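Student:
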Amino acid sequence: MEIRSHADNDALSQAAARLFQVQLTANPGLVVGLPTGGTPLGFYRQVVERQLDLSHSTAFNLDEYVGLSPDHPQSYASYMRENLLRHLPVGAWHIPNGQAADLEAECQRYEAAISAAGGLDLVFLGIGHNGHIGFNEPGTPLDARTRVVRLTETTRAANARFFPSPAEVPTQAISMGIKTILSARQVVLLASGRGKAEALLAAVTGPVTPAVPASALQTHPNVVVLVDAAAARLLPVA
Ligand code: F6R
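Numbering (numbering that gives the first Met the number 0), first residue to last: 0 to 237.
1. Can you grab the Cα-Cα spacing for the pair R17 / V222, in whole Å?
2. Go through the segment 140-211 residue by residue and report every complete run of the alpha helix (DSSP H) that reaches 4 residues or more, in order.
3. Count the CB pairs spanning the segment 50-67 and the segment 89-98 that are closer than 8 Å, and state whether there are at least three.
4. Tell me the rounded alpha-carbon separation between H5 and L181.
5. With a cut-off of 8 Å on the beta carbons, I'd call Q22 and L33 a contact; round off their distance for me.
6. Relative to the C-alpha of D227, which candidate in G41, V31, F19 has its C-alpha closest?
7. Note down the Cα distance separating A115 from G36, rounded to an integer number of angstroms.
8. Nearest to L189 by alpha carbon, out of H131, H86, A157, P235?
9. If you scan the segment 19-44 from start to end, which runs of the beta strand (DSSP E) of 3 or more residues do you find wholly inside it?
10. Closer than 7 Å to a non-hydrogen atom of the ligand F6R - does that hold for the CB of Y64?
If you want it as structure tokens, here you go:
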């Protein structure tokens, strides 16, 4: 794991967008995994500001809530339209269908679509307060592929800020599994803010354990961790 420290979310977002730009220049047909949530908002702003050329690339979102229609304002499909897709053409864009009649079949379809695209070249991740990546909550087997997951109360509480009321946060999601994420050729983890410090510390210095899903990234040969000073406050100084 290569840890790169930045002053704040703005600097971290710029670094992430630069890294994305370099990879897109080398391979315009990049297959990329994309996160949602608060952390990458600045990253998407930078991607749009720099008008990165995603017109030949294929994007797969990490996750989507079960039960929300793509038009629901809090769906991750809406998030992506609002923060990226309405600003920039993307060659092909995929997100799990959280309203599929057969959710198991939808997970298999999603995983197959990633394989059919040639696998993920690059995946950007955020990290949950509990160390989750995607919606792989603590206890997730490290060899899991895309599947339906039950959100922990910690995660539902953390995401309640995006919903009119906490009760409206869905209880389930479809998420790429840890094995799906680890199959990417490069992984870029974005960790920003004081609230992520404990999870980040455990992920990068603790044992590799299902109790801290992000710790599985230690087993990947090409991981870049972009941190801001607030998230890095507990990390040993190099
Ligand atoms: C969202 C996702 C999650 C978030 C994580 C951090 O697509 O996969 O793992 O990255 O919950 O969310 P924020 O950035 O809102 O703190």
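Cβ coordinates follow ideal geometry from the N, Cα and C atoms, glycine included.
Since the model is a prediction, treat every value here as computed from it, not as a measurement.
Tutor: Based on what the coordinates show:
1. Within the sequence shown, numbered from 1, the residue matching residue 17 stands at position 18. Within the sequence shown, numbered from 1, the residue matching residue 222 stands at position 223. One C-alpha to the other measures close to 16 Å.
2. 152-158, 177-181, 196-204
3. yes
4. On the sequence shown, position 6 is the one that residue 5 refers to. On the sequence shown, position 182 is the one that residue 181 refers to. Take the alpha-carbon of H5 and the one of L181: they are about 24 Å apart.
5. Within the sequence shown, residue 22 is the residue found at index 23, counting from 1. Within the sequence shown, residue 33 is the residue found at index 34, counting from 1. Not confirmed; about 13 Å, so no contact.
6. As a first step, residue 227 must be located in the sequence shown, where it is residue number 228. For the residues G41, V31, F19, the minimum Cα distance to D227 belongs to G41.
7. The residue given as residue 115 occupies position 116 in the sequence shown. The residue given as residue 36 occupies position 37 in the sequence shown. Each residue's alpha carbon lies about 27 Å from the other.
8. Counted from its first residue, the sequence shown places residue 189 at position 190. Of the listed residues, the one whose Cα sits closest to L189 is H131.
9. 30-33
10. Residue numbering aside, residue 64 sits at position 65 when the sequence shown is read from its first letter. Y64: no, Cβ never under 7 Å from the ligand F6R.
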